[in-house]
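Student: Take a look at the following structure, please.
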Amino acid sequence: MGHEGTHYITKHRQITETLTRQMNQGELKPYDRLPSEKEMCGQWQASRSTVRKALDQLTDRGRIFRVPGKGSFVAFPKISHPTSLILGFSDKMRAQGLDVKTRLILREIIEPGEEITAALKLTRTDRVMKIQRLRIVKDEPMVLQTSYMPLNLCECLLQEDLESTSLNQLLQERCQIRLSRSEVWVESPIISRKEQQLLGDPRVPLFLAVVGLTFNQHDEPIRFSRGVFRGDRVRLKISDSSAFELDYSSLLG
Numbered sequence: 041m042g043h044e045g046t047h048y049i050t051k052h053r054q055i056t057e058t059l060t061r062q063m064n065q066g067e068l069k070p071y072d073r074l075p076s077e078k079e080m081c082g083q084w085q086a087s088r089s090t091v092r093k094a095l096d097q098l099t100d101r102g103r104i105f106r107v108p109g110k111g112s113f114v115a116f117p118k119i120s121h122p123t124s125l126i127l128g129f130s131d132k133m134r135a136q137g138l139d140v141k142t143r144l145i146l147r148e149i150i151e152p153g154e155e156i157t158a159a160l161k162l163t164r165t166d167r168v169m170k171i172q173r174l175r176i177v178k179d180e181p182m183v184l185q186t187s188y189m190p191l192n193l194c195e196c197l198l199q200e201d202l203e204s205t206s207l208n209q210l211l212q213e214r215c216q217i218r219l220s221r222s223e224v225w226v227e228s229p230i231i232s233r234k235e236q237q238l239l240g241d242p243r244v245p246l247f248l249a250v251v252g253l254t255f256n257q258h259d260e261p262i263r264f265s266r267g268v269f270r271g272d273r274v275r276l277k278i279s280d281s282s283a284f285e286l287d288y289s290s291l292l293g
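FYI, the numbering used here numbers position 132 of the sequence shown as 172, with every residue one higher than the one before it.
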């Protein structure tokens, strides 16, 4: 009995520590889906109760979260900006004395993929509105921004002007959603040929993606967004508080 208990603890700890290491090293990224409990039982040669205990511990630590009917997903580390720092791209550019133009590329209603479903904690039947806009600074394409929002929260945006008005402003004024905070992280994106063309086919094909998840006043995720920036024109600035922001100073020249 004692031997079995020792084996159980060792196996459980092995699963927990391996998954934690994979998340810390970026092998498992935010909103990646973990294998099913059945798959993990086979992978680790462990009982269902052992696997479940490891997943429960990771959930308690805030490293993963579960979506009913979908499975377990990697959580984003809780580094977030308060509402005062949720500024749109246009606001940030104007603060640096730069004019920005917006071109609407598409606005459509879609069935969300796994990443969007997990991030926004949707059900199987939920649909989302996908909005893609190209932001142009000094007549040069600078960032391609794509946002996904639950349709039941933002259906009113179907008729709104998305080229001259801030999406944050529309969400708050038209959809009656109060934004509270956002979680952001950076990744190296894989972009399509069409997206590269929209961004002006830069001579140095270097791109930087800033991914964000925005929450409402009830701390519910209401928008998942990915902005693909031209890496030859912007830099990433990291402050002492471990927060980061994009540095557009190179555009001023």
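Ideal Cβ positions, reconstructed from N, Cα and C, are used throughout, including at glycine.
Would you say Asp-72 faces chain B, with C-beta separation under 8 Å as the test?
Tutor: Protein chain content of the structure displayed is limited to a single chain, and chain B is not contained in it.
Student: Quick one: residues in its chain with C-beta nearer than 7 Å to the C-beta of Glu-260, no 5 flanking neighbours on either side, listed in chain order?
Tutor: Closer than 7 Å at the Cβ level, and outside the excluded window around Glu-260, lies no residue.
Student: On the DSSP letters alone, give me the boundaries of the beta strand (DSSP E) that Ser-265 sits inside.
Tutor: Run containing Ser-265: 261-270, per the beta strand (DSSP E) assignment.
Student: Quick one: which unbroken alpha helix (DSSP H) runs of 4-plus residues sit fully inside the segment 201-227? Chain order, please.
Tutor: With a minimum length of 4 residues, the continuous alpha helix (DSSP H) runs that stay inside the segment 201-227 are 207-213.
Student: At the level of alpha carbons, what is the spacing between Ile-55 and Arg-73?
Tutor: Spanning the two alpha carbons is a distance of roughly 16 Å.
Student: Thinking just about the alpha-carbon of each residue, which of Arg-103, Thr-60, Gly-111, Leu-162 is nearest to the one in Pro-75?
Tutor: Cα-wise, what sits closest to Pro-75 is Gly-111.
Student: Where does Ser-76 sit, in a helix, a strand or coil, going by DSSP?
Tutor: Three-state result, Ser-76: coil.
Student: Three-state secondary structure (DSSP) at Ser-87?
Tutor: Ser-87: coil per DSSP, three-state reduction.
Student: Measuring CA to CA, which of Trp-84, Glu-148, Asn-64, Val-107 is closest to Gln-199?
Tutor: That would be Glu-148, whose Cα lies nearest to the Cα of Gln-199.
Student: According to the neighbour-count rule (16 or more other Cβ atoms, all chains shown, within 10 Å of its Cβ), is Thr-157 buried or exposed?
Tutor: Counting Cβ neighbours within 10 Å, Thr-157 comes out buried, since at least 16 surround it.
Student: Counting along the chain, where does the alpha helix (DSSP H) carrying Leu-246 start and finish?
Tutor: Here Leu-246 belongs to no alpha helix (DSSP H), and DSSP marks it neither H nor E.
Student: Would you call Ile-104 buried or exposed, if buried means 16 or more other Cβ atoms sit within 10 Å of its Cβ?
Tutor: By the 10 Å Cβ count, Ile-104 comes out buried.
Student: So, for Ile-217: in the same chain, excluding its five sequence neighbours on each side, which residues have a beta-carbon less than 7 Å away from its beta-carbon?
Tutor: Counting only Cβ-Cβ distances below 7 Å, and skipping sequence neighbours, we find Leu-193, Leu-211, Asn-256, Ile-262.
Student: Could you tell me which of Glu-154, Gln-185, Trp-84, Thr-165 sits nearest to Lys-141, measuring between CA atoms?
Tutor: The option with the nearest alpha carbon to Lys-141 is Gln-185.
Student: Just tell me which of Lys-234, Gln-236, Tyr-188, Arg-273 has its CA closest to the CA of Val-251.
Tutor: Considering only alpha carbons, the answer is Tyr-188.
Student: If you reduce the DSSP assignment to three classes, tell me which class Leu-184 lands in.
Tutor: Correct three-state label for Leu-184: strand.
Student: Indicate whether Leu-197 and Arg-214 have their beta-carbon atoms separated by less than 8 Å.
Tutor: Taking 8 Å as the Cβ cut-off, Leu-197 and Arg-214 qualify as a contacting pair.
Student: Comparing C-alpha positions only, which one of Lys-170, Lys-93, Glu-77 sits nearest to Leu-144?
Tutor: That would be Lys-170, whose Cα lies nearest to the Cα of Leu-144.
Student: For Arg-167 and Glu-154, which I take to be in contact (beta-carbon distance under 8 Å), what is that distance rounded to the nearest angstrom?
Tutor: Contact flag wrong, Cβ pair sits at about 15 Å.
Student: For the alpha helix (DSSP H) that Thr-165 lies in, which residues bound it at each end?
Tutor: Thr-165 -> no alpha helix (DSSP H), and no H or E assigned at all.
Student: State the Cα-Cα distance for the pair Glu-67 and Asp-179, rounded to the nearest angstrom.
Tutor: C-alpha separation (whole angstroms): 38 Å.
Student: Could you check if Thr-163 is buried or exposed, using at least 16 other CB atoms within 10 Å of its CB as the buried criterion?
Tutor: Answer is exposed; the Cβ neighbour count stays below 16.
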